Amino acid sequence: MSELSTEDILRIVRHFLLSSPPGQFEDVLHDVRELVSNDDLINTGAYDIFRTYNIEQLIPVEVPEKNYKVILSKYNEMEQSVYLDPAGDELLEVDHVKGVVKSANPNPNPIDSELKQKRDQLEKAVQKYIEEHYLSGGIANVFPALKDDQKGELIVCITASKFNEKNFWSGRWRSVYRVSLQEEGKAKVSGIMKVNVHYYENGNVQLNTSREHGETVDSGDQWAENVVKVLRKAEGNFQTQIDTACNNLNDTFKSLRRPLPLTKTLFDFASSQHKLAKEFGNQ
1 MSELSTEDIL
11 RIVRHFLLSS
21 PPGQFEDVLH
31 DVRELVSNDD
41 LINTGAYDIF
51 RTYNIEQLIP
61 VEVPEKNYKV
71 ILSKYNEMEQ
81 SVYLDPAGDE
91 LLEVDHVKGV
101 VKSANPNPNP
111 IDSELKQKRD
121 QLEKAVQKYI
131 EEHYLSGGIA
141 NVFPALKDDQ
151 KGELIVCITA
161 SKFNEKNFWS
171 GRWRSVYRVS
181 LQEEGKAKVS
191 GIMKVNVHYY
201 ENGNVQLNTS
211 REHGETVDSG
221 DQWAENVVKV
231 LRKAEGNFQT
241 QIDTACNNLN
251 DTFKSLRRPL
261 PLTKTLFDFA
271 SSQHKLAKEF
281 GNQ
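In this note's numbering, the protein residues as written are 1 to 283.
In structure tokens:
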């Protein structure tokens, strides 16, 4: 490490931490500290790394005195430590290192009433979908788009994580969809789904995959339900694709090497090793 500059070390540390498997950020951080042996150096970039990890991985935080969580994302980030809670129309000040909300304050620029009504309608439909299709831990938020050129659009964020240290695996599902209500009675839905699974019993295997989807639906009275139908179909097809790929892994690995050599005869390694050892011993 002494041959590397401070910038190089921080860049490597950042890469390792942002590549942490689901639920193992703290474990990777512990190992990185052991390797670098310079807490002061790591602490200089720690907050930005924690913040980047939290918003990229759609990490949820509990809202004080509320029975729901808010996902940390770039879509509701007002400042580097301040995030919009769209359900309560509050601004949450977040400690990224501890992963907790430090304070909640009224939003000085309340969400437009018409847009808020559409947001509430869509989130209700999405929450019903989450309860039906996510076994446990699924969390969804619907955010109004913050950029001026995206006003009137809604962003759906879904995240679900499951950690099983006893059986050496962990996984996280992330989905982000942009919903644009158009004048001609249509709603455009476009987004991306990401899956990261880590299995580490006697090895280290990771699955990182993603899939994009776009579709236009009617934006009549049932527009929210129509949007959810798109999510249900897209995510169901993506999960089926992953299941099929995993079921075919055995055949894939078999195709990488021959089960037998060209002679179609198994090589007796044990007796050959004894023979070689005897020959070398006689020299």
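C-beta: ideal position from N, C-alpha, C; glycine also. These figures come from a predicted structure and were not determined experimentally.
Annotation for serine 113: the continuous alpha helix (DSSP H) segment containing it runs 113-133. With fewer than 16 other Cβ atoms from the protein chains shown falling within 10 Å of its own Cβ, glutamate 3 counts as exposed. Isoleucine 59 sits in coil when the DSSP states are folded into three classes, being neither helix nor strand. The beta carbons of glutamate 153 and serine 113 sit no closer together than 7 Å. When C-alpha distances from serine 175 are compared across Phe238, Ile12 and Asp148, the shortest belongs to Phe238. With a contact defined as Cβ atoms closer than 8 Å, histidine 198 and proline 21 qualify at about 4 Å. Per the C-alpha coordinates, the member of Leu29, Ile139, Leu17 and Asn109 positioned closest to leucine 72 is Ile139.
Closest in alpha carbon position to leucine 115, among Leu84, Lys151, Leu92 and Gly137, is Lys151. Per DSSP, reduced to three states, the secondary structure at valine 32 is helical. For glutamate 183, no beta strand (DSSP E) segment is defined, and its DSSP state is neither H nor E. The continuous beta strand (DSSP E) containing asparagine 208 extends over residues 205-218. Nearest to glycine 137 by C-alpha distance, out of Leu17, Ala46, Ser219 and Pro60, is Pro60. If you draw a straight line from the Cα of tryptophan 173 to the Cα of glutamate 123, it comes to about 18 Å.
If you compare the alpha carbons of Arg51, Ile9 and Leu41 with that of phenylalanine 25, the shortest gap goes to Arg51. Within the same chain, Tyr199, Tyr200 and Glu201 come within 7 Å of phenylalanine 168 by CB-CB distance, once the 5 residues on both sides are set aside.
With 16 or more other Cβ atoms inside 10 Å of its own Cβ, glutamine 57 counts as buried. Taking C-beta separations shorter than 8 Å and ignoring five residues to either side along the sequence, glutamine 117 has no partners in its chain. Contact annotation: arginine 211 and methionine 193 have beta-carbon atoms nearer than 7 Å. Sequence-distant Cβ neighbours of alanine 224 in its own chain, meaning closer than 6 Å and more than five residues away, are Gln121, Leu122 and Ala125. Check the Cα spacing between glutamate 132 and each of Leu92, Arg232, Ile12 and Met78: the tightest is with Arg232. Looking at the backbone, the Cα of glutamine 80 and that of aspartate 243 are separated by about 38 Å. Counting only runs of at least 3 residues, the stretch 49-111 fully encloses the following beta strand (DSSP E) elements, listed from N- to C-terminal order: 60-62, 69-71, 77-79, 82-85, 90-95 and 100-106.
Rounded to the nearest whole angstrom, the CA to CA distance from proline 144 to glycine 203 is 43 Å. In the three-state DSSP reduction, lysine 194 falls in the strand class (E or B). By the neighbour-count definition (other C-beta atoms within 10 Å, threshold 16), serine 37 is an exposed residue. 7 Å or more divides the Cβ of tyrosine 47 from the Cβ of isoleucine 155.
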